[in-house]
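Heads up: the structure comes next, in structure tokens.
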Amino acid sequence: MHIPLYRTLQMCRELWQASRCGAGDFPVVAVGSALQQPEVRHRLQDYVDLLITDLRTASVAAGAPPLETVFFGGGTPSLIPPPLLQEILDALHSKFGIADDAEISMEADPGTFDGERLEAYMAAGVTRFSVGVQAFQQSLLEACGRSHGLDDVEAALAAVVAAGPRSWSLDLISGLPDLKREQWQHSLRRAIQAGAPHISVYDLQVEAGTPFGKWHDAGRLSLPTDEDGAAMYADASQMLREAGYEHYELSNYALPGHQCRHNLVYWSGSRPFYGFGLGAASCLAGRRATRPRAMHQYREWVRAGCDESTCISATDAGDAADQLLDTVMLQLRLGAGLDLDAVAASHG
Numbered sequence: 592m593h594i595p596l597y598r599t600l601q602m603c604r605e606l607w608q609a610s611r612c613g614a615g616d617f618p619v620v621a622v623g624s625a626l627q628q629p630e631v632r633h634r635l636q637d638y639v640d641l642l643i644t645d646l647r648t649a650s651v652a653a654g655a656p657p658l659e660t661v662f663f664g665g666g667t668p669s670l671i672p673p674p675l676l677q678e679i680l681d682a683l684h685s686k687f688g689i690a691d692d693a694e695i696s697m698e699a700d701p702g703t704f705d706g707e708r709l710e711a712y713m714a715a716g717v718t719r720f721s722v723g724v725q726a727f728q729q730s731l732l733e734a735c736g737r738s739h740g741l742d743d744v745e746a747a748l749a750a751v752v753a754a755g756p757r758s759w760s761l762d763l764i765s766g767l768p769d770l771k772r773e774q775w776q777h778s779l780r781r782a783i784q785a786g787a788p789h790i791s792v793y794d795l796q797v798e799a800g801t802p803f804g805k806w807h808d809a810g811r812l813s814l815p816t817d818e819d820g821a822a823m824y825a826d827a828s829q830m831l832r833e834a835g836y837e838h839y840e841l842s843n844y845a846l847p848g849h850q851c852r853h854n855l856v857y858w859s860g861s862r863p864f865y866g867f868g869l870g871a872a873s874c875l876a877g878r879r880a881t882r883p884r885a886m887h888q889y890r891e892w893v894r895a896g897c898d899e900s901t902c903i904s905a906t907d908a909g910d911a912a913d914q915l916l917d918t919v920m921l922q923l924r925l926g927a928g929l930d931l932d933a934v935a936a937s938h939g
């Protein structure tokens, strides 16, 4: 059985980034820019201690195989000092075991790391980085409230290439405000030129309650038309496939041997996964549970014993028809399509 783990390190670079980044709708712990300040380091250590307590309370079946994938996601996991990441991975080894060939991924934002930091993460066990470039235009990065600029992007890509991880991904966002098709095509060409073995192409989602959501409701957000959005999606598929990438999932492209093993588990729709940390979701024995999204609530939840039955969005296995619908919906995202034999075996 392939058992993955999603680990949230929900931190943002700036104390004000949660409101500055217009599209973000994820829970974060604002740690500020001065990561060496004792107060900030204490807050980071406090969160890591909560995470480790969270994972240590998880139930593990006798004879369960070791973890085959681990994904550090969230706000900006690359803000965590490498020694704290090592603490988490050591705890995972102790609790679950980690397979020798495990894929251990980390999201990393430009401007938060250099080559030395990447090498330290790799020494701790990270095998794959997902670099949140989003765009190759300074004006677009500023418009969507990213804390990094184009110079940071170029430095980050050079650092990843020099570090030479087993694999890495470059993330782009289409549908950004005022994004023109020729700009989008330029970003795709730059992503290919960067040599990324995996490229993720996500369409902007305007979420209620975010700055983008408020601007959209007020008519102040100039987004590409549906026709332009469809054309940009087609551009990505054509340009990346012509460059040798397999369009293996709705929003993801990979060179041979570089598909994201972790996310393939989610898209299978039928495999269990652990989730630990602020706002993280798990699915075990058909039961889904999402941990508290506010830091004070998460801290109280952990200190109370990490009872998943009290999680927000906690649901039991539920109706078999709903489970089947989830599996069909998720597998149809894959280029391989729906595995009817596997669906029949899992759902009857």
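No gaps in the numbering here: position 311 of the sequence shown is 902 in the working numbering, and each next residue is one more.
We treat Cβ as the ideally placed atom computed from N, Cα and C, and that holds for glycine.
Exercise for the section: Quickly, what does DSSP pair R719 with across the bridge? List them, please. Expected result: As a first step, residue 719 must be located in the sequence shown, where it is residue number 128. DSSP, once it has assigned bridges, lists S696 and S758 as partnering R719.
Problem - Test item: CB-CB of F727 and L741 under 8 Å - result: Counted from its first residue, the sequence shown places residue 727 at position 136. Counted from its first residue, the sequence shown places residue 741 at position 150. Going by C-beta atoms, F727 is nearer than 8 Å to L741.
Exercise for the section: Determine the extent of the beta strand (DSSP E) in which E840 is found, giving its start and end residues. Expected result: Residue 840 sits at position 249 when you count from the first residue of the sequence shown. Unbroken beta strand (DSSP E) run through E840: E837 to E840.
Exercise for the section: Give the secondary structure of H789 by DSSP, where H, G and I count as helix, E and B as strand, and everything else as coil. Expected result: By one-based count along the sequence shown, residue 789 stands at place 198. Under the three-state reduction of DSSP output, H789 falls in the strand class.
Handout entry: Neighbourhood of L921 by C-beta, 8 Å cutoff - its chain only, sequence neighbours within 5 removed
Key = Residue mapping note: residue 921 aligns to position 330 of the sequence shown, counting from 1. Taken in chain order, the residues that qualify are Y857, W858, S859 and G860.
Problem - Residue environment, T918, which counts as buried when at least 16 other CB atoms sit within 10 Å - result: On the sequence shown, residue 918 is found 327 positions in, with the first residue counted as 1. The residue is buried, with at least 16 neighbouring Cβ atoms inside 10 Å.
Practice task
Could you tell me whether the segment 679–691 touches the segment 650–668, using the rule of 3 or more Cβ pairs below 8 Å?
Solution key: Between the segment 679–691 and the segment 650–668 there are three or more inter-stretch CB-CB distances shorter than 8 Å, so the stretches are counted as touching.
Exercise for the section: Please report how far the alpha carbon of G868 lies from the alpha carbon of V722, in whole angstroms. Expected result: Against the sequence shown, residue 868 aligns to sequence position 277. Against the sequence shown, residue 722 aligns to sequence position 131. When rounded, the distance between both Cα atoms is 21 Å.
Problem - Residues that Q725 bridges to, as DSSP identifies them - result: Taking the sequence shown and counting its residues from 1, one reaches residue 725 at position 134. Its beta-bridge partners are L763.
Practice task
Report all residues from its chain with a CB closer than 6 Å to the CB of V744; omit the five preceding and five following residues, and keep chain order.
Solution key: Here residue 744 corresponds to residue number 153 of the sequence shown, with the count starting at 1. Excluding positions up to five away in sequence, the list reads P701 and V724.
Problem - Cβ neighbours of A872 in the same chain (closer than 6 Å, five flanking residues each side left out) - result: Residue mapping note: residue 872 aligns to position 281 of the sequence shown, counting from 1. Same-chain partners within the cutoff: G866 and T881.
Problem - Buried or exposed by the 16-neighbour rule on C-beta atoms within 10 Å, applied to A536 - result: Given that the chain is displayed from residue 592 to residue 939, the structure contains no residue 536 and the question cannot be resolved.
Handout entry: Beta-carbon separation (whole angstroms), I679 vs I643, contact threshold 8 Å
Key = Position 88 of the sequence shown, counting from 1, holds the residue named residue 679. Position 52 of the sequence shown, counting from 1, holds the residue named residue 643. Between the beta-carbon of I679 and that of I643 there is about 7 Å, and that keeps the pair under the 8 Å contact cut.
Practice task
Look up D794 in the DSSP assignment and give the residues it is bridged to.
Solution key: Within the sequence shown, numbered from 1, the residue matching residue 794 stands at position 203. According to DSSP, D794 bridges with S765.
Handout entry: Reduced DSSP category for T644 - H, G, I as helix; E, B as strand; rest coil
Key = Your numbering for residue 644 matches position 53 in the sequence shown. In this structure, T644 counts as helix in the three-state DSSP scheme.
Handout entry: Helix, strand or coil at A927 according to DSSP, with G and I counted as helix
Key = Taking the sequence shown and counting its residues from 1, one reaches residue 927 at position 336. In the structure shown, A927 sits in coil (DSSP, three-state: anything other than H, G, I, E or B).
Problem - Pair within 8 Å by beta-carbon distance, W790 and L767 - result: Against the sequence shown, residue 790 aligns to sequence position 199. Against the sequence shown, residue 767 aligns to sequence position 176. Sequence inspection shows Ile at residue 790; the Trp mentioned does not correspond to that position. It is not a contact, given that the beta carbons lie outside the stated cut-off.
Problem - Counted within 10 angstroms of its Cβ, other Cβ atoms place R719 as buried (16 or more) or exposed - result: Here residue 719 corresponds to residue number 128 of the sequence shown, with the count starting at 1. It is buried - the Cβ of R719 has at least 16 other Cβ atoms within 10 Å.
Problem - Backbone CA spacing between L929 and E818 [nearest angstrom] - result: Walking along the sequence shown from the start, residue 929 turns up at place 338. Walking along the sequence shown from the start, residue 818 turns up at place 227. About 28 Å.
Practice task
In angstroms with no decimal places, state the Cα-to-Cα distance between D616 and G870.
Solution key: One-based indexing of the sequence shown puts residue 616 at position 25. One-based indexing of the sequence shown puts residue 870 at position 279. Confidence at D616 is low in this model, with a pLDDT of 42, below 50, so the placement of that residue is unreliable and no value is reported for it.
Practice task
Could you tell me the distance, in whole angstroms, from the CA atom of R781 to the CA atom of W775?
Solution key: Sequence index remark: in the sequence shown, residue 781 carries index 190 (1-based). Sequence index remark: in the sequence shown, residue 775 carries index 184 (1-based). Roughly 10 Å separates the two Cα atoms.
Problem - DSSP-derived helix/strand/coil call for A845 - result: The residue given as residue 845 occupies position 254 in the sequence shown. In this structure, A845 counts as strand in the three-state DSSP scheme.
Problem - H853 classed as buried or exposed, judged by whether at least 16 other C-beta atoms fall within 10 angstroms - result: Indexing the sequence shown from 1 puts residue 853 at position 262. It is buried - the Cβ of H853 has at least 16 other Cβ atoms within 10 Å.
Exercise for the section: Please list, in chain order, all residues of the same chain as G716 whose beta carbon is under 7 Å from its beta carbon, the five residues on each side excluded. Expected result: Translated into positions along the sequence shown, residue 716 becomes position 125. Counting only Cβ-Cβ distances below 7 Å, and skipping sequence neighbours, we find L680 and I695.
Practice task
Going by CA-CA distance only, name the one from E840, E659 and L763 that's closest to A927.
Solution key: In the sequence shown, counting from the first residue as 1, residue 927 sits at position 336. The alpha carbon of A927 has as its nearest neighbour, out of E840, E659 and L763, the alpha carbon of E840.
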